[in-house]
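Written out below as structure tokens is the structure these notes cover.
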Amino acid sequence: MSTDLYVEVLRFYAGQMALLDSLDLEGYADTFTEDGVTHHVHRGQKLEGRGALLEHARAALPRYREVVVRHWNDNYRIEQGDDGALTVAYGSLVTLTDKEGQVRFESTYAVTDVLVRVDGRLRTRSRTLLRDRPAAA
Amino acid sequence: MSTDLYVEVLRFYAGQMALLDSLDLEGYADTFTEDGVTHHVHRGQKLEGRGALLEHARAALPRYREVVVRHWNDNYRIEQGDDGALTVAYGSLVTLTDKEGQVRFESTYAVTDVLVRVDGRLRTRSRTLLRDRPAAA
Amino acid sequence: MSTDLYVEVLRFYAGQMALLDSLDLEGYADTFTEDGVTHHVHRGQKLEGRGALLEHARAALPRYREVVVRHWNDNYRIEQGDDGALTVAYGSLVTLTDKEGQVRFESTYAVTDVLVRVDGRLRTRSRTLLRDRPAAA
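Those protein sequences? They're chains G, R and A, same order as listed. Letter by letter, the first sequence follows residues 1 to 137 of full-length UniProt numbering. Letter by letter, the second sequence follows residues 1 to 137 of full-length UniProt numbering. Letter by letter, the third sequence follows residues 1 to 137 of full-length UniProt numbering.
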């Protein structure tokens, strides 16, 4: 994989996470393909299509009036398949900052995405989120 | 924007944050332009010029004898204006580690900088820090 | 240093940290040179050679059945010596997530590595970890 493509993927995530964290839900949904799937494995929930994603995100909005959410991702490993699709694996740490500036943390997550290029732009075709769980759990 | 420029900006921040976190205040101030402005919006404070920045930072030093501060930035979005200046937006998480190794967190922040090139080197011309604040606050 | 090399180093760490955090200890040890040294300065411990590293890591495994560990590194500063070896300095934040999804933090660290190229692949020849300690401590 070229340096250009690796950095393009870093920039894609910077933009996508900023849309999510600023609660620009339409903008966030638009970074997915029309049929994009978000799979929250730990709660057995699969959102199929941009519409389902958006509906789910909107329903969660009231919860995000009391805290600012930020996603801190790291360690992006990227592989390109024969069809050009990119499989991207990374860790995600989620902070919740309240009105006093207190920072709390959600669990950490392992995320695996598939990105494809549509009309020249990268988009997420699937996102699989696995909440971190110790071996002994 | 080219991959080269995006990565140059990532490297600029890695260096600048390392100077700040190691309390090399002169080195940190030197990464700003002579007239560089730091604007802490949440406390209505505007430090105009490298001298004011340095004076403010030196006054805060005693506070940093008891903890090690580290800045963890993420999701750098960069846009280049017609004049070549770069507007860089990112999130910042600040840790404070005490002598027992306990980690505390300051609030999270949204930061927007303007970078310009002076004698071939990138420097910060302005930094605007906005403490994260929930919609309901 | 070229953009290509800087990004190659970012990708090296993404891969190495993912091996460590997924407890693939053989895979992790294999990212070191055969004689690679890990120096935990804060506890005066020097592990010399891949075998010693692996033995030490295996002994720590039981501790990691109860929590998921993740390393969040930032601010990579890289310098290349005349012999081609790369000195890489960065900050490291370590999270421990338990079975309830509660996130705890180890101390923050300053890490300095030397990377060399062996058979075309980057490997760690030495890693020096310094636990953050305030000036007044």
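Positions of the beta carbon are idealized from the N, C-alpha and C atoms, including for glycine. The structure presented is a predicted model; accordingly, all values stated were derived computationally and were not measured.
Notebook entry, point to check: If we cut at 8 Å on Cβ distances, does N73/A have a partner in chain G?
Noted result: So, interface residue.
Notebook entry, point to check: If you count every other CB in all the chains shown that lies within 10 Å of the CB of V118/R, and 16 or more means buried, which is it?
Noted result: exposed
Notebook entry, point to check: Since R11/R is in the alpha helix (DSSP H), which residue starts that stretch and which ends it?
Noted result: T3 to D21
Check: Are the C-beta of V41/R and some C-beta of chain G separated by less than 8 Å?
Finding: no
Next item on the list: Indicate whether the contact test is met: 3 or more Cβ pairs, each with one atom in the stretch 6 to 19 of chain R and one in the stretch 111 to 128 of chain G, closer than 8 Å.
Entry: no
Notebook entry, point to check: T38/A and L53/A: beta carbons closer than 8 Å?
Noted result: yes
Note to self: Quick check: what's the CA-CA separation for P134/R versus A60/G?
What the structure shows: Between P134/R and A60/G, the C-alpha separation is close to 14 Å.
Note to self: Contact criterion: CB-CB distance below 8 Å. Does V66/G meet it with respect to chain R?
What the structure shows: Residue 66/G is actually Glu in this sequence, not Val. It does; some Cβ of chain R falls within 8 Å.
Next item on the list: Please list the partners that T97/A has in chain R, where partner means a Cβ-to-Cβ separation under 7 Å.
Entry: None at all; the shortest Cβ gap to chain R is about 14 Å.
Item checked: alpha helix (DSSP H) segment containing A59/A, residue limits -> R50 to A60
Notebook entry, point to check: Can you tell which of V68/A, R58/A, Y109/A and L130/A has the C-alpha that lies nearest to the C-alpha of L96/A?
Noted result: Closest in C-alpha terms to L96/A, from the list V68/A, R58/A, Y109/A and L130/A, comes V68/A.
Check: According to DSSP, is E26/G helix, strand or coil?
Finding: helix
Note to self: Suppose you measure from the CA of L19/R to the CA of R50/G; what does that come to, to the nearest Å?
What the structure shows: 43 Å
Note to self: Quick check on V118/A - is its C-beta less than 8 Å from some C-beta in chain R?
What the structure shows: No, V118/A lies away from the interface with chain R (no Cβ there is under 8 Å from its Cβ).
Check: If you run the structure through DSSP and keep just helix, strand and coil, what is V67/G?
Finding: coil
Checklist line | CB of A85/A within 8 Å of CB of L115/A, strictly | finding: yes
Check: V111/A versus chain G: which residues are under 7 Å apart at the beta carbon?
Finding: Per Cβ cutoff of 7 Å: no residues; V111/A is ~14 Å from chain G at best.
Checklist line | Neighbouring residues, chain R, relative to D4/G (Cβ below 7 Å) | finding: T3
Note to self: Which same chain residues end up closer than 6 Å to R70/G when comparing Cβ atoms and leaving out the 5 residues on each side of it in sequence?
What the structure shows: D21 and T95
Next item on the list: Report yes if the CB atom of E66/G is closer than 8 Å to the CB atom of A136/R, and no otherwise.
Entry: yes
Check: Does any C-beta atom of chain A lie closer than 8 Å to the C-beta of G15/R?
Finding: yes
Checklist line | R121/R at chain A interface by Cβ criterion, 8 Å | finding: no
Checklist line | Interface residues of the stretch 18 to 35 of chain R facing chain A [CB-CB below 9 Å] | finding: A18, D21, S22 and L23
Check: Going by Cα to Cα distance, which pick from D113/A, L93/A and T112/A is closest to R104/A?
Finding: L93/A
Check: Which of the three DSSP states, helix, strand or coil, is assigned to R104/A?
Finding: DSSP places R104/A in strand when its eight states are reduced to three.
Next item on the list: Just the chain A side, please: which residues come within less than 8 Å of L93/G by C-beta, in chain order?
Entry: R70, W72, T95 and V103, listed in chain order.
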